[in-house]
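Here's the structure we're looking at; comments come further down.
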Amino acid sequence: MSFSAQIPLSLAASAVPAVECQGVTVRFTTERGTVTALENIDLTVPQGSFLSLLGPSGCGKSTLLRVVADLIAPTSGIVRVNGEAPEVARQNREIGFVFQDAALLPWRTALENVLLPLEVGGGARRSNNRDPRELLALVGLSGWEDAYPHELSGGMRQRVSIARALVSGPKLLLMDEPFGALDEITRDRLNEELLQVWESTGTTILFVTHSIYEAAFLGQEVLLLAARPGRVRELVDVNLPSPRRLPQRETAEFVELAGHLRRVLETC
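Numbering-wise (UniProt numbering), the sequence shown opens with residue 1 and increments by one.
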């Protein structure tokens, strides 16, 4: 089994990349001085792909997502989302974001929480909005539309947050350790369900995780970042058959891939 550090040319050439980073550096000034969170990040993410971001704490995974989402401005370098500045993509609602905490409004039902982005800033007028009920069905919550957050399990609340992030029809979905606080059984189930959502919607996904197995199982590629400062260590192509199912994690190919990722992480 080989591990390639190159973006597949057939995908890269097919359309404007979903995400491009050229020489992206991010520095923060603190009381202790200047901290370099990211240094000279070069990255190209093809449309419709699924990229896992993996690395030790402090390597800048979440910072990179926030730069792409236009929540943090890079100190230097160029970032493009669908060929545009991140600010333009954000204003056009081309970016969805799912955080580790589902952050649902407790006084709104599941359906009302999914509807929220359509009620803010004229979102309801967009032609590419998705039907909230269909999205709840897609994430496995048919029949739970009228349930309040306190009536839902942690995994169900995260399903609602994924549906909410998709309701405005974003081309890019950014996910910052969305399953990190869940138990292993729920996390595994949501991993499979997320791949089904990705296959159904064709949305490009950037997924941050600390789990080697999660990164390998979900991603078409795994971006490994080294810490202090955050920088690209390796981009690993994941050559696993699709559709992916959890038993594949017991195959020799998957074990070999996970071992490779672990060895690279030990040098980060």
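Heads up, the beta-carbon is just placed ideally off N, CA and C, and yes, glycines get one too.
Model, not experiment: these values are computed from the prediction.
*What are the partner residues of residue 226, as DSSP defines its beta bridges?*
Within the sequence shown, the letter at position 226 stands for residue 226. Looking at the DSSP assignment, residue 226 forms a beta bridge with 231.
*Identify the residues that DSSP records as bridge partners of residue 21: which are they?*
As a working mapping, residue 21 is identified with position 21 in the sequence shown. Secondary-structure assignment with DSSP links residue 21 through a beta bridge to 43, 79.
_Pull the bridge partners of residue 97 from the DSSP assignment, please._
Start at 1 with the first residue of the sequence shown, and residue 97 comes out as number 97. Paired residues: 174.
*On the premise that residue 114 lies in contact with residue 95, defined as a C-beta separation below 8 Å, what is that separation, rounded to the nearest angstrom?*
Taking the sequence shown and counting its residues from 1, the one referred to as residue 95 is at position 95. Taking the sequence shown and counting its residues from 1, the one referred to as residue 114 is at position 114. Incorrect: roughly 17 Å between the Cβ atoms, too far for contact.
*Assign residue 200 to one of three DSSP states: helix, strand, or coil.*
The residue given as residue 200 occupies position 200 in the sequence shown. Here residue 200 sits in helix by DSSP.
_Distance CB(residue 253)-CB(residue 240) smaller than 8 Å_ = Sequence index remark: in the sequence shown, residue 253 carries index 253 (1-based). Sequence index remark: in the sequence shown, residue 240 carries index 240 (1-based). The answer is yes: Cβ separation under 8 Å.
*Buried/exposed call for residue 34, threshold 16 Cβ in 10 Å*: Against the sequence shown, residue 34 aligns to sequence position 34. Under this definition residue 34 is an exposed residue.
*Just the Cα atoms here: how many angstroms apart are residue 158 and residue 52?*
Taking the first residue of the sequence shown as 1, we reach residue 158 at position 158. Taking the first residue of the sequence shown as 1, we reach residue 52 at position 52. Distance between the alpha carbons of residue 158 and residue 52 is about 18 Å.
_residue 258 versus residue 58: straight-line alpha-carbon distance, rounded_ = Translated into positions along the sequence shown, residue 258 becomes position 258. Translated into positions along the sequence shown, residue 58 becomes position 58. If you take the alpha carbons of residue 258 and residue 58, they lie about 21 Å apart.
*Measure the alpha-carbon distance for residue 212 versus residue 255 and round it to whole angstroms.*
For the purposes of this step, residue 212 is taken as residue 212 along the sequence shown, with counting starting at 1. For the purposes of this step, residue 255 is taken as residue 255 along the sequence shown, with counting starting at 1. Residue 212 and residue 255: Cα-Cα distance of roughly 11 Å.
*Considering only the beta carbon of each residue, do residue 110 and residue 141 sit closer than 8 Å?*
Within the sequence shown, numbered from 1, the residue matching residue 110 stands at position 110. Within the sequence shown, numbered from 1, the residue matching residue 141 stands at position 141. Going by C-beta atoms, residue 110 is nearer than 8 Å to residue 141.
_Here's the rule: buried if 16 or more other CB atoms are within 10 angstroms of the residue's CB, otherwise exposed. What is residue 2?_
Numbered from its first residue, the sequence shown carries residue 2 at position 2. With a pLDDT of 37 at residue 2, under the threshold of 50, the modelled position of this residue cannot be trusted, and the question is left open.
*Own chain residues within Cβ distance below 6 Å of residue 144, not counting five before or after*: Within the sequence shown, the letter at position 144 stands for residue 144. Correct list, in chain order: 110.
*With a threshold of 16 other CB atoms inside 10 Å of the CB of residue 260, please say whether the residue is buried or exposed.*
Numbered from its first residue, the sequence shown carries residue 260 at position 260. Its Cβ being crowded by 16 or more others within 10 Å, residue 260 is buried.
*asked:* Can you list, in chain order, the residues of its chain with a C-beta nearer than 8 Å to that of residue 215? Leave out the 5 residues immediately preceding and following it.
replied: For this step, residue 215 is matched to residue 215 along the sequence shown. Counting only Cβ-Cβ distances below 8 Å, and skipping sequence neighbours, we find 52, 53, 54, 207, 209, 222, 261.
*At which residues does the alpha helix (DSSP H) containing residue 161 begin and terminate?*
By one-based count along the sequence shown, residue 161 stands at place 161. That run of the alpha helix (DSSP H) goes 154-166.
_Rounded separation between residue 178 and residue 73 - CA only_ = The residue given as residue 178 occupies position 178 in the sequence shown. The residue given as residue 73 occupies position 73 in the sequence shown. The alpha-carbon atoms of residue 178 and residue 73 are separated by roughly 23 Å.
*Is the segment 22-41 in contact with the segment 227-235, if contact means three or more CB pairs nearer than 8 Å?*
yes
*To the nearest angstrom, how far is it from the Cα of residue 147 to the Cα of residue 75?*
Here residue 147 corresponds to residue number 147 of the sequence shown, with the count starting at 1. Here residue 75 corresponds to residue number 75 of the sequence shown, with the count starting at 1. If I take the Cα positions, the gap works out to 44 Å.
*Counting only the same chain and skipping the five closest in sequence on each side, list residues whose C-beta sits under 6 Å from that of residue 99.*
Position 99 of the sequence shown, counted from the first residue, corresponds to residue 99. So the list reads 176, once near-sequence residues are dropped.
*Note down, one range per segment and in chain order, each beta strand (DSSP E) of at least 3 residues found wholly within the segment 114-150.*
none
*Under 8 Å by Cβ, that's how I've got residue 166 and residue 173 pegged, so tell me the actual separation to the nearest angstrom.*
Working through the sequence shown from its first residue, we reach residue 166 at position 166. Working through the sequence shown from its first residue, we reach residue 173 at position 173. Confirmed, Cβ separation roughly 7 Å.
_Per-residue DSSP class, three states only, for residue 207_ = Within the sequence shown, numbered from 1, the residue matching residue 207 stands at position 207. Strand.
_Three-state class that DSSP yields for residue 37 in the structure shown_ = Locating residue 37 in the sequence shown gives position 37, counting from the first residue. It is a strand residue.
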